[in-house]
Amino acid sequence: MGSSSSSKSGFARGAQLVFDFLLPSAVKSAPETPAPAPAGAVLDWREEATRATRESLRLAQTIWPELVLPSPIEIGFRLRGHAAGIACVKPPSIQYNPALLERYTSRFVDTIVPHEVAHIVVDSLYNKKVKPHGSEWKDVVVRLGGAPQATHQFETKAARRLRRYYYECSCDELHPFTGRSHRRARNGSYRYSCRKCAKRLRFTGIEGYE
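Quick note on the numbering used here: the sequence shown kicks off at 798 and runs consecutively.
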């Protein structure tokens, strides 16, 4: 989910579209049932987002008994930049922006989690037949308790809707590249390294809009 000044579309891994555009082969399987939190316990923001995501997936299977979800669905916190979350269908995963999640935990869980889960659900229900933020997606996200908004309202620097190419390093973080930087890295004209670990950045195959 992009910032209010941008709108996120589909993501691609390699040559295969993900998000709302490709349904992977999968067997029907309910997500792991999250254990109830002890009374009075305060959840870590990662735990809270993970729990909310699993509960949202289970709710979707209750609402749509015919739903076949990909399994397992990775829930990660590797996203950087302006995007609050991304949903990938192959391999199935939902990645959240840890900086935004930690800062806006409650609002993030209420808005971004159902937004991204809805993308996974819509792809599983409709495959290639619908738009990323079309009427089907809006219906699903509302029934999951979210708001049918394509962009988030969290504070980030203004950004245009640009295609990004995601790289990774030994820090296990995703680094968004512009098209120009991606081309330079791929043709070998420039070598990019992480400022933290000093390791060379490697293309993950994930593409999308930020």
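For glycine and all other residues, C-beta sits at the position ideal for the given N, C-alpha and C.
In this structure, glycine 873 places its C-beta atom within 8 Å of the C-beta atom of serine 890.
Assigned with DSSP and collapsed to three states, glutamate 845 falls in helix. Judged by beta-carbon spacing, lysine 996 lies beyond the 8 Å limit of serine 978, meaning their Cβ atoms are not closer than that value. With a cut-off of 8 Å on Cβ pairs, the region 916-923 is in contact with the region 863-877, counting three or more such pairs. Annotation for phenylalanine 905: the continuous alpha helix (DSSP H) segment containing it runs 902-923. In this model, glutamate 844 and arginine 999 are separated by some 28 Å (Cα to Cα). Around the CB of proline 888, fewer than 16 other CB atoms lie within 10 Å, so the residue is classed as exposed. Leaving aside the five residues that flank valine 906 on each side, the residues in its chain whose CB is nearer than 7 Å to its CB run, in chain order, Glu845, Ala846, Ala849. Cβ atoms of leucine 971 and glutamine 892 come within 8 Å of each other, at about 7 Å.
Excluding residues up to 5 positions away in sequence, Glu933 lie with their Cβ nearer than 7 Å to the Cβ of tyrosine 923 in the same chain. Distance from the CA of aspartate 969 to the CA of arginine 875, rounded to the nearest whole angstrom, comes to 7 Å. Glutamate 871 counts as exposed, since fewer than 16 other C-beta atoms from the protein chains shown sit within 10 angstroms of its C-beta.
In the three-state reduction of the DSSP assignment, arginine 940 falls in the helix class, which pools H, G and I. Per DSSP, reduced to three states, the secondary structure at glycine 976 is helical. In the three-state reduction of the DSSP assignment, leucine 876 falls in the coil class.
Here glycine 882 is buried: its Cβ has 16 or more other Cβ atoms, across all protein chains shown, within 10 Å.
Distance between asparagine 984 and glycine 878, taken at the CA atoms: about 24 Å.
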